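A.B. asks: Here it is, the structure, as structure tokens.
Numbering (the working numbering), first residue to last: -16 to 29.
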């Protein structure tokens, strides 16, 4: 795999860690999105 493919796979895997908790596995509800941003992108909230 290329470096870009590895990074994209990582992004997808992190998305699925949050999206499979409630409802459809390919969507995030507002709570799941907030959890993802808070934990995985903490600098964006500053």
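Glycine included, C-beta positions come from ideal geometry on N, C-alpha and C.
Quick caveat, the model's predicted, so the values are computed rather than measured.
Whose C-alpha, out of -11, -4, 10, is nearest the C-alpha of residue 2?
C.D. replies: Here the closest residue by C-alpha is 10.
A.B. asks: Beta carbon of residue -3, beta carbon of residue 23: below 8 Å?
C.D. replies: Yes, Cβ-Cβ distance for residue -3 and residue 23 is below 8 Å.
A.B. asks: Helix, strand or coil, according to DSSP, for residue -4 in the structure here?
C.D. replies: Helix at residue -4.
A.B. asks: Whole angstroms is fine: what's the gap from residue 5's alpha carbon to residue 17's?
C.D. replies: Using only the alpha carbons, I get a separation of about 14 Å.
A.B. asks: By how many angstroms is the C-alpha of residue -1 removed from the C-alpha of residue 21?
C.D. replies: Residue 21 and residue -1: Cα-Cα distance of roughly 16 Å.
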